[in-house]
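Worksheet: one structure, shown below.
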Amino acid sequence: MLRLGERIVIVADAFEQGLPIGDYGYLIAYDRNPDNAFDYVIRVPQANRNFYVTAEDVETEEQLLAAQAESATHEALIDYALSTHNEKLFHHLMNGGDVEAVEMETTTKESLSQADFIKQVNLRAWI
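Using our numbering, the first residue of the sequence shown is number 4, and each one after it goes up by one.
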């Protein structure tokens, strides 16, 4: 449950009441009427109006920013996997799962001894 005075973002309009989706607002009251479908009353300063909304129509600003950061991180890891030709990491990201486990496996493979590294460099030099 959200706290009074908390800054929220309107993410949906379930009852098609013309909510300004994407705008910020502040939670000003709970709607405790059991006969009503709405959960909160919010104040949107840009629209200079109060709106009745459901819990699904709003999210806190912190949750929205965390979801965007997670999405940006996932996209950056996909770009990294494509640029380094790391096929295992790419498939793991596309199928979902724990990224740290794949990173641990790739770092152990990359830590070669000096002799093995020179051997691989010499092999590639022949090509």
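For each residue, glycine too, the CB sits at the ideal point set by N, CA and C.
* Asked: If you draw a straight line from the C-alpha of Tyr83 to the C-alpha of Ala40, how long is it?
  -> Between Tyr83 and Ala40, the C-alpha separation is close to 46 Å.
* To do: Decide if the stretch 65-81 is in contact with the stretch 26-33; the criterion is three or more beta carbon pairs, one per stretch, under 8 Å apart.
  => no
* **Entirely enclosed beta strand (DSSP E) segments - the stretch 11-42, minimum 3 residues** => 27-33
* Asked: Any idea if His95 is buried or exposed, counting beta-carbon neighbours within 10 angstroms, 16 or more meaning buried?
  -> buried
* With a threshold of 16 other CB atoms inside 10 Å of the CB of Phe120, please say whether the residue is buried or exposed. => exposed
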